[in-house]
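Residue numbers (my numbering), protein chains in the order written: chain A, 1104 to 1215; chain B, 1216 to 1326.
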């Protein structure tokens, strides 16, 4: 497709389980970002990938969160031992180098 | 102090009026400035960006940037009910390693 693709669109998981969220960026975009948005809140930066450079992980809230980007394209955000406060929409965005970012539709995570 | 500050609103304007949305940022080194629109339950979509001081117009939208005052604004002319949404201001440094978002201003355009 032409836009940023995220899956799953919705995920309900039990507290303590691990979850994986996937992002397929726009073709040719070298930069990829993950953000988190809790209900009624602003966007919280999580992690940034640019090409083959080391990712900027400064926004990851705890060591339960990790992300990787394989082959400079698809990215996976993993949350281990999920907690209720992890419930949010996780937004992936991509960008041509040093340019505007375009968001996917998000993965809505509910931890029960 | 937050990187980007916006009034949360709601800002209510009648249909056909001009809506004025404002944003201030703290980092003088910021290089690029963006306005996104977010409908309830949807992801943010880009409206426009501005890099240089002054005004930039795109259809009914005008972005204004004043780096000396660290102030960005968005004017929406001839506001329509379909413009009702939350408007997010975003700021990026020279290396675009992250975009700092304000918490958004909710705009209601009344028919």
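Glycine included, every Cβ here is placed at the ideal spot set by N, Cα and C.
Apart from the five residues just before and just after residue 1175(A), which ones in its own chain have a Cβ nearer than 6 Å to its Cβ?
To locate residue 1175(A), count along the first chain from 1; it is residue 72. If we look at residue 1175(A) and ignore the five residues flanking it on each side, it has no Cβ neighbours.
Locate the beta strand (DSSP E) running through residue 1115(A), then write down its first and last residues.
Position 12 of the first chain, counting from 1, holds the residue named residue 1115(A). Run containing residue 1115(A): 1113-1116, per the beta strand (DSSP E) assignment.
Chain A contact residues for residue 1328(B), given Cβ-Cβ distances below 9 Å:
Nothing can be reported for residue 1328(B), as the shown portion of chain B is limited to 1216 through 1326.
How many angstroms separate the CA atom of residue 1171(A) from the CA atom of residue 1105(A)?
As a first step, residue 1171(A) is located in the first chain; it is residue number 68 there, counting from the start. As a first step, residue 1105(A) is located in the first chain; it is residue number 2 there, counting from the start. Between residue 1171(A) and residue 1105(A), the C-alpha separation is close to 22 Å.
Can you check whether the CB of residue 1218(B) is closer than 7 Å to the CB of residue 1247(B)?
The residue you call residue 1247(B) lines up with position 32 of the second chain. The residue you call residue 1218(B) lines up with position 3 of the second chain. Cβ atoms of residue 1247(B) and residue 1218(B): not closer than 7 Å.
When DSSP builds the beta bridges, which residues end up paired with residue 1269(B)?
Here residue 1269(B) refers to the residue found at position 54 when the second chain is read from its first residue. Answer is 1280(B), bridged to residue 1269(B).
Can you tell me which of 1197(A), 1214(A), 1213(A) and 1110(A) puts its alpha carbon nearest to the alpha carbon of residue 1137(A)?
Against the first chain, residue 1137(A) aligns to sequence position 34. Answer by Cα proximity: 1197(A).
Residues of chain A with a CB under 8 Å from the CB of residue 1222(B): which are they?
The count along the second chain starts at 1 and reaches residue 1222(B) at position 7. Going along chain A, no residue has its Cβ under 8 Å from residue 1222(B), so there is no contact; the nearest lies around 13 Å.
Contact the region 1294-1312 of chain B vs the region 1140-1154 of chain A: 3+ CB pairs below 8 Å:
yes
Where residue 1228(B) and residue 1289(B) are concerned, what is the direct C-alpha to C-alpha distance, given to the nearest angstrom?
Mapped onto the second chain, residue 1228(B) falls at position 13. Mapped onto the second chain, residue 1289(B) falls at position 74. Rounded to whole angstroms, residue 1228(B) to residue 1289(B) spans 14 Å at the Cα level.
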